[in-house]
Each structure stands twice: as C-alpha cells, then as structure tokens.
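Written below as structure tokens is the structure these notes are about.
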Ligand code: PEP
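In the numbering used here, the protein residues as written are 14 to 266.
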C-alpha cells in the first residue's frame, strides 16, 4: 500500500511573510489528514522560516534543487548537507523548468540524485515529454530515455528513497492537465520500467506522482487512477484552500 504524497512546489514565488503564513495555515489544517503525506518546497531562502512555521506538524519540507558537491568553493550553489541542516527531507530534481530553461541534463539530475541520497535526502525526480514529443508519438521513448539517464544507474538501495514525478511539460502551468487516462498510461509504463530495472517489489512500493495543472476540480479523477500515488502541485499549492482540497482528494483514510 503506497501512502500518497501531495507536494507543493512553490517555485520562485512568495516572500517571507506570505511563505510563513501559508506554511502556518497548512500546518494547522494538516492534522485532519491521516492517509496522505504532505510536503512543501519553498525557495531556498525561506526554507528556514517555513521549517519553523511547520514545526509540530507532520508537513515535510523539501527544496527545489541542490548541487552535487559537498560544501566548498561553488559560488551560488547549495550543498545537500545544507538542505538536511535546515530540516529538508525531500528535494525536487529534474523539474522541466530546470531542464528546459536552465539546461539541466539527465546526467546532471543523476549526479544530484546521488549526492542528495548520500546526504540523506529523498529525491523527487521529474520526467516528462513536451507537446511536440507527445504529438509525434515519442512519449514512451522520452520517458524511457530520461529514466535511463537520470535514475536507472542508482542502486536498488538508493532507488528505494526515490519518488518519481510524471510531469508532462505541456501541462505545467498551462491550466491544461493530462487526462486521467493519459496520466495512468505513463504511470503504468513507468512502473514497468522500474520493475524491469529493479524488481517487482520496488516497482510496487515506489510512489509515482502526477504533476501538471492539478487543481481541486481535477485532483479526484487524476488521483483515482491505480498508478497515480499523489501530486506535484505548482500554482494551486500557493493557495491554501486549493492545496488543502487537493490533499483531501488524495487522502486515502
Ligand atoms: C510544477 O511546478 O511542478 C507544476 C506541476 O506546476 P502547475 O501545477 O502549476 O502546473
């Protein structure tokens, strides 16, 4: 039985007071949910204040990126150990905005995943095709290539800590979500890839999140799919009521 995870990716949004208020509101409401794990991913500079605002609640903290080196002379980067030090459990890796806007490669994602795991962080690794790739029938091969390049060289022991997120690029921030059938098809393929590379038990226990314009109105249908184990939520995670409604839709209790 996989406990669903609802993860809020705040991206480069909110400032100190708004971040604190959102986290405190979420902490307060989180006590009503028992069959779902909740995590938020604020910008680096607010991790500390959000950690404080979440204290005493079960809401987990994550970062949106990390560097693959340990602390040292890497101006502008953040080491995995630093994320652990400010209370992070998770780190998002390979988000399409980093792949497409900042040129992050599968090899970069893999290096970051290894370093994050070594420091004790649990990576949420994002994969997904562009609209052009979907329309030319390449979805499956793109997902496979990204899986091979950014995940598959991890050992089974390391992979155990990984959450996979299917995030079709054309659905992120566009208001146009994948249909539940489209999401389920890719999630089922991903589970097969995991079974082939690792084993059936790991495939069964791995959480595969869907991300791309998840909102209160579509969360129930998407999360109702057999292989959809939660959501990575961007825009709707910035509004407390919307995020809570998505958490409610995911709650298996
Ligand atoms: C995301 O940032 O991972 C995301 C899915 O964004 P949105 O929910 O806004 O589409």
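Cβ atoms here follow ideal geometry from the backbone N, Cα and C, with glycine treated the same way. It should be emphasised that the depicted structure is a prediction, and the values quoted were computed from it without experimental measurement.
Item, Value
"Ligand 1 heavy atom lying under 7 Å from the CB of residue 24", "yes"
"Distance cut-off 7 Å: residue 163 Cβ against heavy atoms of ligand 1", "no"
"Any non-hydrogen atom of ligand 1 closer than 7 Å to residue 243 Cβ", "no"
"Cβ contact (3+ pairs, closer than 8 Å) linking the stretch 144–156 and the stretch 104–114", "no"
"For residue 59, three-class secondary structure by DSSP", "helix"
"Where the alpha helix (DSSP H) containing residue 147 begins and where it ends", "144–148"
"Residue 267 - partner residues in DSSP beta bridges", "Missing from the structure shown is residue 267; the chain here goes from 14 to 266 and no further."
"Buried versus exposed call for residue 204 [16 or more other C-beta atoms within 10 Å across all chains shown]", "buried"
"DSSP three-state assignment for residue 290, whether helix, strand or coil", "In the structure displayed, the chain extends from 14 to 266; residue 290 sits before or after that span and is not available."
"Coarse secondary structure for residue 229, derived from DSSP in three states", "helix"
"Limits of the unbroken beta strand (DSSP E) element including residue 216", "Looking at the DSSP string, residue 216 is not in any beta strand (DSSP E); the run it does join, the alpha helix (DSSP H), is 213–218."
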